[in-house]
Amino acid sequence: MMATGNTRLVRYIAMTAFALFVFYFVSRSNMYTPIPGAGQIVKPAVQPETPSTPKNPNPQVPLQPAPGSPAEPPIKNPPKQPTVNTGKGDDISFARTPSSPGWDDLVSINAGPRMNATFVTLARNTDVWDIADSIRQVEDRFNRRFNYDWVFLNDQPFDETFKKVTTSLVSGTTHYGLIPVEHWSFPDWIDQEKAKKVREDMKERKIIYGDSVSYRHMCRFESGFFFRHELMLNYEWYWRVEPSVKLFCDVHYDPFRVMAEEKKKYSFVLSLYEYHETIPTLWESTKKFMKNHPEHIAKDNSMAFLSDDKGENYNRCHFWSNFEVGNLEWLRSKAYIDFFESLDQDGGFFYERWGDAPVHSIAAGLLLDKSEIKFFNDIGYWHVPFTHCPTGEQTRLDLRCHCNPKDNFDWKGYSCTSRYYELNGLEKPLGWENEKD
Ligand SMILES: Nc1nc2c(ncn2[C@@H]2O[C@H](COP(=O)(O)OP(=O)(O)OP(=O)(O)O)[C@@H](O)[C@H]2O)c(=O)[nH]1
Ligand SMILES: [Mg+2]
1 MMATGNTRLV
11 RYIAMTAFAL
21 FVFYFVSRSN
31 MYTPIPGAGQ
41 IVKPAVQPET
51 PSTPKNPNPQ
61 VPLQPAPGSP
71 AEPPIKNPPK
81 QPTVNTGKGD
91 DISFARTPSS
101 PGWDDLVSIN
111 AGPRMNATFV
121 TLARNTDVWD
131 IADSIRQVED
141 RFNRRFNYDW
151 VFLNDQPFDE
161 TFKKVTTSLV
171 SGTTHYGLIP
181 VEHWSFPDWI
191 DQEKAKKVRE
201 DMKERKIIYG
211 DSVSYRHMCR
221 FESGFFFRHE
231 LMLNYEWYWR
241 VEPSVKLFCD
251 VHYDPFRVMA
261 EEKKKYSFVL
271 SLYEYHETIP
281 TLWESTKKFM
291 KNHPEHIAKD
301 NSMAFLSDDK
311 GENYNRCHFW
321 SNFEVGNLEW
331 LRSKAYIDFF
341 ESLDQDGGFF
351 YERWGDAPVH
361 SIAAGLLLDK
371 SEIKFFNDIG
381 YWHVPFTHCP
391 TGEQTRLDLR
401 CHCNPKDNFD
411 WKGYSCTSRY
421 YELNGLEKPL
431 GWENEKD
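With UniProt numbering, letter number 102 in the sequence shown gets 102, and the count goes up by one each step, no holes.
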């Protein structure tokens, strides 16, 4: 009996100890299980103190394999990247106004998601120091906190100096591509003799770059091929940068992400009138395209930006394409490719001197909904000889701009930016009247 009683007592003690033990574990694990949506602290995707990964600031968005490397064939249809992981509105990675959290932090690697995006520059080896200047500005004002890649394209192989200098300056990964000869030569339907006569004639008439063959290849490449280069197939968004440009203001937010969130496809900071002599028949070709492909013309397009008589004549307004942030999938779309190929067949890249700026602009104006074109007032920019200095003193102070507002081209007589505002029913930024001619 005694033994039985003792055994029972021991069993009770053991069971009680076990029950307490189980209770302890359950209660502890409850304490540390995050309750969805209950305000737990989520670590930012990027820890600023992990300098070993500066080239991939967002581990949730894996870096692309080195494009173009022999072992890694280019991704023809890049998988859709997770683009935006927060709703509109401000968060710590998306400071758009001085009252946004994180506005004052211009040092840490930005914690937000990254877009599948790259800078892109077409350049010659001799452009190295001029592009170094541009990169330094882009890095200091924006990319040192975002570390986006940079693709360099050239019709000749890049030399070691070019690669060394640019790689040392870019905070993201750099890629160097050779342009295939088919993208930088006369198509077989072009009459070489006729093209030569045009160049000689333009030289006599002193038309800028009128006698240059390479300038024409450059304009045709930027119009129809850069976005199809194998290195570019890996990306969805691009920001074009030319040698010797300036950025005047801090860029606090990610312009690629702004484009995606606002459903934009093309953007600009400067617009102006093209020289008539370089594009006498561009609009005739455009009208032919519109007739042949009415299916590509957007219903709510920006014809009023391009024409003052509902499409009969081109007013020569265009977005200046040496600065562009845009969507590569739009440029690779059937609509855009049909447009480019139709123009290319007509031969005006060689029989005249069609620039990529009016070509991109007419495409954006006709193939996109007008709401898909963005004007970045807050990106201060200069490419000889024009300045875009943000309108509005408070904006310039908040963004620490170092441009003279008197130089702002936007509201001068030769700019087309007023038309963009009017066409889109936008209110011009405060203070614009003080910056007219
Ligand atoms: N690889 C290569 N790049 C070129 C060539 N010509 C021009 N580019 C690049 O194409 C872009 C446009 O050329 P630019 O010479 O700047 O033309 P632009 O802006 O109309 O004229 P500028 O007022 O002289 O700047 C720049 O990024 C140049 O570096 C060329 O023959 N080969
Ligand atoms: Mg230039």
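Where is the CB? At the ideal position from N, CA and C, for every residue including glycine.
(request) Use the C-beta contact count for Asn-434: other C-beta atoms within 10 angstroms, 16 or more gives buried, fewer gives exposed. (result) exposed
(request) Compute the beta-carbon to beta-carbon distance between Ile-207 and Thr-278, rounded to the nearest angstrom, for a pair I have assumed lies under 8 Å. (result) 7 Å
(message) Check whether the region 345-359 and the region 233-248 touch, using three or more Cβ-Cβ pairs below 8 Å as the test.
(response) no
(message) Can you determine whether any heavy atom of ligand 1 sits closer than 7 Å to the C-beta of Leu-328, and answer yes or no?
(response) Because no heavy atom of ligand 1 lies under 7 Å away, the Cβ of Leu-328 does not count as near it: no.
(request) Give a yes or no on whether the C-beta atoms belonging to Ala-357 and Ser-333 are separated by under 8 Å. (result) no
(message) Which runs of the beta strand (DSSP E) at least 3 residues long sit entirely within the region 343-416? Give them in chain order.
(response) 373-375, 381-383, 386-388
(message) Counting C-beta neighbours from all protein chains within 10 Å, is the total for Asp-254 16 or more, i.e. buried, or is it exposed?
(response) buried
(message) For Lys-291, tell me which candidate among His-276, Ser-342, Ser-302, Ala-117 has the shortest Cα-Cα distance.
(response) Ser-342
(message) With a threshold of 7 Å on Cβ separation, who are the neighbours of Tyr-414 within its own chain once the five nearest residues in sequence on each side are excluded?
(response) Leu-272, Tyr-273
(request) From the DSSP output, read off the bridge partner residues of Asp-317. (result) It is Cys, not Asp, that sits at residue 317 in the sequence shown. Under the DSSP definition of a beta bridge, Cys-317 partners with Tyr-273.
(message) In this structure, how does DSSP classify Asp-149 when only helix, strand and coil are distinguished?
(response) strand
(request) Within the same chain, show all residues whose beta-carbon is closer than 8 Å to that of Gly-39, passing over the 5 residues directly before and after it, in chain order. (result) With a pLDDT of 27 at Gly-39, under the threshold of 50, the modelled position of this residue cannot be trusted; read the value that follows with caution. Correct list: empty, nothing qualifies.
(request) Using the Cα positions of Glu-324 and Leu-270, report the straight-line distance between them to the nearest angstrom. (result) 10 Å
(message) Within 10 Å of its beta-carbon, does Gly-102 have 16 or more other beta-carbons around it, so buried, or fewer, so exposed?
(response) buried
(request) Using alpha carbons as the reference points, say which of His-252, Val-384, Gly-425, Phe-152 lies closest to Phe-119. (result) Phe-152
(message) Comparing C-alpha positions only, which one of Tyr-209, Glu-372, Glu-329 sits nearest to residue 440?
(response) Absent from the model: residue 440. The displayed extent of the chain is 1 to 437, so no value can be given.
(message) If you measure from each CB to the nearest heavy atom of ligand 2 and keep those under 6 Å, what residues do you get, in chain order?
(response) Glu-242, Asn-322, His-383
(request) Identify, in the order they occur along the chain, each residue of the same chain with its Cβ nearer than 7 Å to the Cβ of Asn-424, setting aside the five sequence neighbours on each side. (result) Cβ neighbours of Asn-424 within its own chain (closer than 7 Å, five residues either side excluded): Lys-370.
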